[in-house]
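In what follows, a single structure is set out as structure tokens and then discussed.
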Amino acid sequence: MPNLLDYLKWRGDLSFRAAPFCAVDALVLCQICYARLEGVVPGKDERRSVSAWETVDRFSALPDAVERRYLGVLINGEKIMELFFQALRSKRFGSLRLFAYENVTEEENTKQFSALSFLLPDKTVFCAFRGTDDTLVGWKEDFAMAFLPVVPAQQAAAEYVQTVFTRSPGRGRPVRLGGHSKGGNLAVYAAACGSAAVRRKLLGVYNFDGPGFPGSRLETPEFQAVRDKLVSFTPEVSIVGMLFDRLGEFHVVASSEKGLQQHDALSWQLDGPHFALLEDVSAFSKFFDRKLKKYLEERDTARRRELVSSIFDIVGASKAHTLTDLKNGGFETSLAILSAILRKSFPNGKSARRGGDGNIPE
């Protein structure tokens with residue numbers, strides 16, 4: 040069955056006037072925002088935009104353009120960049136203007152945030168939020184959602200949309216928000232917790248296999264105010280998209296991949312200009328959902344925080360900053376992590392086989 044790249048071949052020659060904006064278009068834009076566009080697209084405070092064609096030309100002229108095609112261990116950079124070039128060179132997406140690119144990683148604040156906005160020919164705006172990238176700080180922030188009411192990227196998302204809405208080429212325009220993986224969660228948060236002025240102009244919010252929110256949070260007035268604007272898509276086998284609870288419309292999409300590789304949105308299948316939908320998620324996804332909720336219910340916030348801190352203290356012992364660093368670290372990285380595990384397990388320097396009192400430590 041066809042995927043996003045096929046969609047560009049089939050419908051890339053259709054303007055948005057001929058074929059109105061749809062959820063598949065939203066996913067295309069949410070994939071484009073994974074591209075590393077520093078020095079290519081103006082930042083959110085620059086109040087200017089660049090055309091799609093100029094974006095392609097400027098990216099291609101970069102001295103490190105080839106290196107920028109690599110997006111990390113778990114992200115299919117080659118396919119995403121293929122989509123980037125095909126989309127922005129097409130009639131359909133070539134009519135867009137890009138602006139307000141932001142990419143921030145702050146290890147000291149456990150923050151990883153990136154976003155990109157598009158101005159459509161009908162003068163509406165689409166704000167796309169990137170999912171978790173290759174940085175370990177991004178993954179640590181994801182885990183922090185288990186014990187923090189608000190993580191830094193969520194707050195940054197709400198502030199980003201407010202800036203786009205008030206001080207950019209998107210000022211005062213009707214707006215859609217969307218994101219893949221963690222980016223979907225950020226889009227929902229920005230919609231619910233942004234200003235009332237933004238909510239009045241909100242056309243829709245797309246969460247593509249991103250985490251939800253605790254059920255008690257979804258019952259609050261701010262989330263209930265946008266529930267009719269929310270639509271979530273997840274593949275048949277999903278972990279990320281099953282985290283916490285969802286609000287609004289929900290669909291399950293067929294994928295050409297197996298297992299957890301279905302998180303790759305470029306594997307999602309289409310039926311014409313729409314997603315190929317299934318009736319329900321897999322039994323594994325439901326099992327994982329039940330087990331995770333039970334696990335979290337049995338542990339208070341302090342226990343969750345302690346667990347996450349322990350995991351990333353161990354990983355941090357390797358001095359790695361990205362998943363790529365971990366992958367390429369070889370024996371030295373493995374040894375550093377093993378040493379950190381032993382220090383955590385036996386803080387008093389007791390033998391891993393027998394405690395100082397002759398008893399096997401529990």
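The numbering of the sequence shown is our numbering, which starts it at 40 and goes up by one. Cβ coordinates follow ideal geometry from the N, Cα and C atoms, glycine included.
Proximity of the segment 146–162 to the segment 192–201 meets the contact definition, three or more beta-carbon pairs being nearer than 8 Å. In the DSSP annotation of this structure, residue 296 is not part of any beta strand (DSSP E), being labelled neither H nor E.
Under the DSSP assignment, residue 69 falls outside any beta strand (DSSP E), being part of the alpha helix (DSSP H) whose first and last residues are 62–71. The C-alpha of residue 72 lies about 31 Å from the C-alpha of residue 255. Just measuring C-alpha positions, the residue of 221, 322, 307 and 318 sitting nearest residue 280 is 221. DSSP, read as helix, strand or coil, puts residue 250 in coil.
Going by beta carbons, residue 244 and residue 270 fall inside the 9 Å limit. If you ignore the 5 residues before and after residue 131, its C-beta comes within less than 6 Å of the C-beta of 51 and 53, all in its own chain and listed in chain order. One thing to note: residue 80 has its Cβ within 9 Å of the Cβ of residue 89. The segment 249–281 is shown to contain whole alpha helix (DSSP H) runs of 4 or more residues at 254–257 and 260–263, in chain order. From the listed residues 148, 175, 44 and 338, the smallest Cα separation to residue 125 is found for 44. Boundaries around residue 136 are those of the beta strand (DSSP E), 136–145, since no alpha helix (DSSP H) includes it.
Between residue 294 and residue 318, the C-beta spacing is not below 9 Å. When 211, 304, 273 and 232 are compared, the shortest CA-CA separation from residue 115 is found for 304.
Taking the Cα positions, residue 236 is about 46 Å away from residue 356. Taking 8 Å as the upper bound for CB-CB distance, residue 230 and residue 238 are in contact here, some 7 Å apart.
Sequence-distant partners of residue 272 (beyond 5 residues in either direction) whose C-beta falls short of 6 Å from its own C-beta, in its chain, are 247, 290 and 292.
Proximity of the segment 102–118 to the segment 157–169 falls short of the contact definition, fewer than three beta-carbon pairs being nearer than 8 Å.
Taking C-beta separations shorter than 7 Å and ignoring five residues to either side along the sequence, the partners of residue 344 in its chain run 186, following chain order.
C-alpha of residue 127 to C-alpha of residue 301: approximately 25 Å in a straight line.
Between residue 173 and residue 110 a beta carbon distance of about 7 Å is seen, short of the 8 Å cut, so the two are scored as contacting. DSSP, read as helix, strand or coil, puts residue 174 in strand.
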